[in-house]
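Enquirer:
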Amino acid sequence: MDDVRGQLLGLIKKYWFTVALLLIVLIALWYRMGIINNYVVPTYGNTMYHVGIERLTIETGYYPSTEISYGGGFPNFYVPAYRMLIASMSVATGIDPMVMSGLMTIAIAIFILLVMFVLAYRLSDNLYVGLFAAFFFILSPEITVFTMRSLPELLGLFMVPFTLYFVVRKNWFMAVMGAAVTALTHQMTLATLAAVLGLYAVFLFIRAGLAYVKKEKAGEKLKEALRCLAPIISACVTYGVWQMYTLGTLSLMGTAQLKNHEGNTVDLPLFLRTGIFVLIFFAIGLVYISRGKAPRAEKAEYGTTIGADSVLLIFAWIIATLVLTFNDHINPLIQLINAYTGGIVTIPTISIFPLFMDRFFTFFVQIAIIVAGFGMYALLKAIGLDVLKVKP
Amino acid sequence: MSGFLDLARYGLVVLMCLVFLYTAYFMGGTYTIPLTSDNYFFPEVKANADPWYSRVVTPGEMESAAWINAFTNKSDKFVADIFGAELIMGMTTRVSTVGGDWANAPDPVKVMSDTNRIYTTSDPAEAYQLAKEDNCSYVSLPDRDTFSGYEWVYGDHNKFEDPEFFQLVYENPDVKIYKVL
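If you read the sequences in order, they're chains A and B. Just so you know, we're using this note's numbering here: the first sequence kicks off at 1 and counts up by one. Just so you know, we're using this note's numbering here: the second sequence kicks off at 393 and counts up by one.
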């Protein structure tokens, strides 16, 4: 009897982590089955418009140079990566692009979950943090809303953590490639990635400057900061070339989105769509990450190793996406500063804002989910859960 | 004692995870957000995400795509609301007045206004004139509220029965397609 119990406990110890991750994936799959269980994929978010471009690409063998939107006939400058992916999969399998875009939505959603799991693991060097981040993925309404529709942003939500994963690993070639593909996936995703990497680079330059002042290895740190510019340059150049090729200009000032300031304010009810428990554990996670190095007593056990680079990247991601999310407050803030300084210094307002606040918000939710993974780990460690001391 | 405590801890963690899943997918309820008059709905994930599952377009509109593919030219343009237009784009690659990406469209706000007016006006001559102005050959008229960028409206369907301006060329219980004469 004891033998059987021992064997059973052994099996649980060996496989519980894999089973837990599998269960999370299955729950994510279960909720998304409704995408294809109908006569058409969910249509909010211009999903069928993208299907139209995919169908036209398949029919003609070329990515259309003119639009089929709003009367058609004008240049199509929408970046092609997502549409080409769906069209390619459709050609390869013979499945209609409408059905394929539904199937790929489910597949990409699962890949987003998995890339967030892997990135959380890499940022913490702890598999449990990755698992908890995956768990919070299925608890977040906002990430669910944007991973159940056939949109280019869906692929963007994969590309951002995918590219940042290679930044964390300092695999600059892959980071550059990832950034270039991101630039061709979704314009707003490109803006988010560039903002996160840009702020991260600023942090790295500051660190290099401080190292120089303290006469520590400043050269190495400076190189690190300069390398971080490579994916930003890659993304911006790739997009610039694409826009010059399709529109013949680098300016976007004439686009309807900018002129009409497309986007919704992220108010409290929308902000809560991050997920109540995600936000609670995000707060705990932030405290845990900010706490710095683990106490010496924990060193022998399986724990987290959150390097300075990881901390800087996490904070760059949070700050950049929060600024983008609340960009409707930037101009009022500038005006307030101008009023208080009494005209001594006049900071010009930024004409493109407000813009796409609710769309940038989704990328904040991604990092909130990852940080919530740290939060859950911190809580369970605090209550003394033995299992966390052993690598699964 | 330590074994019991461990068991209690693990039980608590499993219970916590189940409670989280319950609030995300099963627990119903509406709660007022403190310091605001806004409500927050449970089950958190389902209440927020389920509405985005909506298809808006009807099965009959989907069915009409086969007729459009078979009996209209690739260059024919449709008057359709955003959701109907995107269905037509997606299944037939035909162009409509609205729908899709408005980023560098010449005058998207005007065509939104035109489309909205074509559906809402009771004057067949006005609807006809606007459809012609936007170079449209057909009007897709679904039996549901339409959204052309301004508001959800059912509009006036009777005007399309005027044989001087429009001719019914396809119908099923969900949608009628009229030729602009």
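Glycine included, every Cβ here is placed at the ideal spot set by N, Cα and C. Note that the structure is predicted; figures quoted are calculated from it, not measured.
Determine the direct distance from the alpha carbon of B/Gln-559 to that of A/Ala-180, and round the result to whole angstroms.
Expert: Cα-Cα distance, rounded: 50 Å.
Enquirer: Going along chain A, which residues have a C-beta under 9 Å from B/Glu-436?
Expert: The contacting residues are Leu-139, Ser-140, Pro-141, Leu-272, Arg-273, Gly-275, Ile-276 and Phe-277.
Enquirer: Using 8 Å as the cut-off, can you tell me whether the segment 52-72 of chain A makes contact with the segment 118-128 of chain A, which would need three or more C-beta pairs spanning the two stretches below that distance?
Expert: No: the two stretches stay apart, fewer than three of their Cβ pairs being nearer than 8 Å.
Enquirer: Could you please give the first and the last residue of the uninterrupted alpha helix (DSSP H) stretch that includes B/Gly-421?
Expert: No alpha helix (DSSP H) holds B/Gly-421; the beta strand (DSSP E) holding it covers 421-424.
Enquirer: B/Asn-527 bridges to which residues according to DSSP?
Expert: None; B/Asn-527 has no bridge partner.
Enquirer: With a threshold of 8 Å, are at least 3 pairs of Cβ atoms found where one atom belongs to the segment 480-489 of chain B and the other to the segment 543-559 of chain B?
Expert: Cβ pair count under 8 Å is below three, so no.
Enquirer: Could you spell out where the alpha helix (DSSP H) holding A/Lys-217 opens and where it closes?
Expert: Taken as a continuous stretch (DSSP letters only), A/Lys-217 belongs to no alpha helix (DSSP H), as it is neither H nor E.
Enquirer: From the DSSP output, which residues share a beta bridge with B/Phe-539?
Expert: Beta-bridge pairing links B/Phe-539 to B/Trp-544.
Enquirer: Does the pairing of the segment 413-420 of chain B with the segment 257-270 of chain A give three or more beta-carbon distances under 8 Å?
Expert: In short, these stretches do not touch, since the Cβ pair count stays below three.
Enquirer: With DSSP collapsed to three states, give me the class of B/Gln-521.
Expert: Helix, per DSSP.
Enquirer: In this structure, what does DSSP give as the bridge partners for B/Asn-564?
Expert: B/Val-567, per the DSSP bridge assignment.
Enquirer: Looking at the C-beta of B/Val-561, does it have a partner C-beta in chain A at a distance below 7 Å?
Expert: No, its Cβ sits nowhere closer than 7 Å to a Cβ of chain A.
Enquirer: In its own chain, which residues sit with a C-beta less than 6 Å from the C-beta of A/Leu-119, not counting the 5 before and 5 after it?
Expert: Only Pro-161 and Tyr-165 meet the Cβ criterion.
Enquirer: Let me make sure I understand the geometry here. Which of B/Lys-571, B/Phe-463, B/Asn-564 and B/Val-503 has the alpha-carbon closest to that of B/Glu-453?
Expert: Checking every option, the nearest Cα to that of B/Glu-453 belongs to B/Asn-564.
Enquirer: Taking the continuous alpha helix (DSSP H) assigned at A/Asn-338, which residues delimit it?
Expert: First-last of the alpha helix (DSSP H) with A/Asn-338: 330-340.
Enquirer: What residues in the segment 493-518 of chain B bring their beta carbon closer than 7 Å to a beta carbon of chain A?
Expert: Listed by position along the chain: Asp-493, Trp-494, Ala-495, Asn-496, Ala-497, Pro-498, Pro-500 and Val-503.
Enquirer: Using a threshold of 7 Å, state whether the C-beta atoms of A/Pro-231 and A/Ala-308 are closer than that.
Expert: No.
Enquirer: How about A/Ala-378 and A/Phe-136: are their beta carbons less than 7 Å apart?
Expert: Against a cut-off of 7 Å, the Cβ pair of A/Phe-136 and A/Ala-378 comes out as no contact.
Enquirer: Do you know whose CA, among B/Thr-512, B/Pro-426, B/Val-411 and B/Val-405, lies nearest B/Ala-472's CA?
Expert: Comparing Cα positions, the closest option is B/Thr-512.
Enquirer: Is it buried or exposed for B/Met-393, if we count other Cβ within 10 angstroms and need 16 for buried?
Expert: Because the pLDDT of B/Met-393 is 49, which lies under 50, any placement of that residue in the model is unreliable, and the number read from its coordinates should be weighed accordingly. Label assigned to B/Met-393: exposed.
Enquirer: Counting Cβ pairs, one atom from each stretch, are 3 or more of them under 8 Å apart for the segment 235-242 of chain A and the segment 210-227 of chain A?
Expert: With the cut-off at 8 Å, the segment 235-242 of chain A and the segment 210-227 of chain A do not touch.
Enquirer: Cα-Cα, which of A/Leu-313, A/Phe-158, A/Gly-254 and A/Ile-138 is closest to B/Leu-410?
Expert: For B/Leu-410, the nearest C-alpha among the options comes from A/Ile-138.
Enquirer: Across which residues does DSSP place B/Gln-559 in a beta bridge pair?
Expert: DSSP lists B/Lys-571 as partners of B/Gln-559.
Enquirer: Let me check understanding here. Comparing Cα to Cα, which of B/Ala-441, B/Asp-398 and B/Gly-395 lies closest to B/Ala-416?
Expert: Answer by Cα proximity: B/Ala-441.
Enquirer: When DSSP labels each residue in this structure, what does B/Val-448 get in the three-state scheme?
Expert: Here B/Val-448 sits in coil by DSSP.
Enquirer: Could you give the residue range of the beta strand (DSSP E) that holds B/Tyr-432?
Expert: From DSSP, the beta strand (DSSP E) with B/Tyr-432 extends over 431-434.
Enquirer: Measuring alpha carbon to alpha carbon, tell me which residue in B/Gln-521, B/Val-531 and B/Trp-494 is nearest A/Pro-75.
Expert: Of the candidates B/Gln-521, B/Val-531 and B/Trp-494, the one whose C-alpha sits nearest the C-alpha of A/Pro-75 is B/Trp-494.
Enquirer: Is it the case that the CB of B/Trp-459 approaches a heavy atom of the ligand NAP more closely than 6 Å?
Expert: With respect to the ligand NAP, the structure offers nothing, as it holds no ligand at all.
Enquirer: Is it right to say B/Asp-499 is buried, meaning 16 or more other beta carbons lie within 10 angstroms of its own, or is it exposed?
Expert: B/Asp-499 should be labelled exposed.
Enquirer: Could you tell me whether the segment 355-374 of chain A touches the segment 137-153 of chain A, using the rule of 3 or more Cβ pairs below 8 Å?
Expert: In short, these stretches touch, since the Cβ pair count reaches three.
Enquirer: Assuming A/Gly-71 and B/Val-487 form a contact by the criterion Cβ under 8 Å, report the distance between their Cβ atoms to the nearest whole angstrom.
Expert: Between B/Val-487 and A/Gly-71 the Cβ distance is about 6 Å, and since that is below 8 Å, they are a contact.
Enquirer: Per DSSP, what are the beta-bridge partners of B/Lys-469 in this structure?
Expert: BP columns for B/Lys-469 point to B/Val-487.
Enquirer: How big is the Cα-Cα spacing for B/Tyr-530 and B/Lys-469?
Expert: B/Tyr-530 and B/Lys-469: Cα-Cα distance of roughly 7 Å.
Enquirer: Please confirm if A/Val-145 has its CB atom under 7 Å from at least one CB of chain B.
Expert: Closer than 7 Å: yes.
Enquirer: So A/Ser-101 packs on A/Thr-47, CB below 8 Å; how close in whole Å?
Expert: About 7 Å; that satisfies the 8 Å criterion.
Enquirer: What residues of chain B sit near A/Leu-29, judged by a beta carbon separation below 8 Å?
Expert: In chain order: nothing, as chain B lies at least about 13 Å away.
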